[in-house]
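Visitor: The number in this note's numbering is simply the position in the sequence shown, starting from 1, with 9 added.
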Amino acid sequence: GVFVHPERISDGVWNLPVDVEIRNDGFAAANINVECVARDMAGQEVARMSGDISVPARRTDTLNLTKKVLSPALWDTESPNLYTLTTTLSCSGRVIDESKVRFGFRTIRFDAREGFFLNDRPVKIKGVCCHQDHAGVGIAVPDRLNSWRISRLKEFGVNAYRASHNPPTEAVLNACDTLGMLVMD
10 GVFVHPERIS DGVWNLPVDV EIRNDGFAAA NINVECVARD MAGQEVARMS
60 GDISVPARRT DTLNLTKKVL SPALWDTESP NLYTLTTTLS CSGRVIDESK
110 VRFGFRTIRF DAREGFFLND RPVKIKGVCC HQDHAGVGIA VPDRLNSWRI
160 SRLKEFGVNA YRASHNPPTE AVLNACDTLG MLVMD
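(1) Find the nearest neighbour of Asp61 within the set Val29, Phe36 and Ala51, judged by alpha-carbon distance.
(2) Restricting to runs no shorter than 4 residues, where is the alpha helix (DSSP H) found entirely within the segment 17-105?
(3) Can you tell me the Cα-Cα spacing of Arg68 and Lys163, whole angstroms?
(4) What residues in its chain sit with their C-beta under 6 Å from that of Ile105, if we drop five residues either side in the sequence?
(5) Whole alpha helix (DSSP H) runs in the segment 119-193 with 4 or more residues, listed along the chain?
(6) Along the chain, where does the beta strand (DSSP E) containing Phe12 start, and where does it finish?
(7) Check whether the Cβ atoms of Leu83 and Asn128 lie closer than 8 Å to each other.
(8) Can you round the beta-carbon distance between Val132 and Thr86 to whole angstroms, since I take them to be within the 8 Å contact cut?
(9) In three-state DSSP terms, what is Arg111?
(10) Is Ile117 buried or exposed, if buried means 16 or more other CB atoms sit within 10 Å of its CB?
(11) Could you work out which residue in Val192, Ala180, Val137 and Val64 is closest to Arg32 when comparing CA atoms only?
(12) Considering only C-alpha positions, which residue in the set Ser101, Tyr92 and Ala121 is nearest to Gly278?
(13) Check whether the segment 47-55 and the segment 148-166 are in contact - that is, three or more C-beta pairs closer than 8 Å.
(14) What does a CB cutoff of less than 6 Å around Phe125 pick up in its chain, not counting 5 residues either side in sequence?
(15) Relative to the alpha-carbon of Asp194, which residue among Gln141, Arg171, Ala184 and Cys185 has its alpha-carbon at the smallest distance?
Next comes the structure, spelled out in structure tokens:
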């Protein structure tokens with residue numbers, strides 16, 4: 010798996026740490042080259058990093074990469090700026106796997122006296138508690154219906170989605186990321 014977790018260093022300067030977990034199901038050690046490329050919503054490259062790792066047979070290991078990014082567009086409920094990290098694994102010069110992960114640059118904090126802060130800006134959480142099911146289709150909710158539901162909630166002034174009873178599906182989380190909805194899971 011690929012885990013991206015941006016960290017603000019100072020105003021406008023961010024670290025972009027990426028943890029790439031690699032599982033070797035083979036019977037011999039594998040020398041893997043990992044390349045990660047982060048792009049903004051317009052497709053412009055904002056960071057490129059790479060590294061090599063030797064993963065023993067029948068084992069899993071993690072390669073940690075990091076790169077500084079200057080002045081990224083922040084994700085928030087009004088402007089849900091998302092980036093895409095494409096991770097490519099190669100062995101002996103041959104691509105063996107590739108994945109894409111969407112992520113955003115943002116900071117969050119809670120203050121006992123002042124409440125919730127998103128990117129150092131106070132934000133009132135206006136949330137709803139939603140069941141995964143939907144009238145007429147039950148739990149077999151099409152992805153586009155999840156997106157429609159989140160967009161309707163945004164129109165009503167909702168900025169936070171709390172999943173009830175079950176973890177939200179990937180489609181719900183993607184809709185929340187894309188449309189600027191906080192998630193309380």
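Yeah, the Cβ is synthetic: ideal placement off N, Cα and C, and Gly gets one too.
Guide: In terms of the structure at hand:
(1) Taking the sequence shown and counting its residues from 1, the one referred to as residue 61 is at position 52. Checked all of Val29, Phe36 and Ala51; the closest Cα to Asp61 is Val29.
(2) Runs of the alpha helix (DSSP H) inside the segment 17-105: none found.
(3) In the sequence shown, counting from the first residue as 1, residue 68 sits at position 59. In the sequence shown, counting from the first residue as 1, residue 163 sits at position 154. Using only the alpha carbons, I get a separation of about 44 Å.
(4) Counting from 1 along the sequence shown, the entry for residue 105 is found at position 96. Closer than 6 Å at Cβ, skipping near neighbours: Leu98.
(5) Fully enclosed alpha helix (DSSP H) runs of 4 or longer: 152-164 and 179-188.
(6) The sequence position of residue 12 within the sequence shown is 3, counting from 1. Residues Val11 to Val13.
(7) Looking up residue 83 in the sequence shown gives position 74. Looking up residue 128 in the sequence shown gives position 119. Yes; because the gap between Cβ atoms is below 8 Å, this pair is in contact.
(8) The residue labelled residue 132 in the question sits at position 123 within the sequence shown. The residue labelled residue 86 in the question sits at position 77 within the sequence shown. Contact between Val132 and Thr86 holds, since their C-beta atoms are separated by about 7 Å, short of 8 Å.
(9) Residue 111 sits at position 102 when you count from the first residue of the sequence shown. Three-state result, Arg111: strand.
(10) The residue given as residue 117 occupies position 108 in the sequence shown. Exposure of Ile117 is indicated by the presence of fewer than 16 other C-beta atoms within 10 angstroms of its C-beta.
(11) The residue given as residue 32 occupies position 23 in the sequence shown. Taking only the C-alpha atoms, the option nearest Arg32 is Val64.
(12) What is shown of the chain runs 10 to 194, which leaves residue 278 out entirely.
(13) No, the segment 47-55 is not in contact with the segment 148-166.
(14) Numbered from 1 along the sequence shown, position 116 holds the residue referred to as residue 125. Result list for Phe125: Phe119, Val132 and Ile134, in chain order.
(15) Here residue 194 corresponds to residue number 185 of the sequence shown, with the count starting at 1. In this structure, Arg171 is the residue among Gln141, Arg171, Ala184 and Cys185 with its C-alpha nearest to the C-alpha of Asp194.
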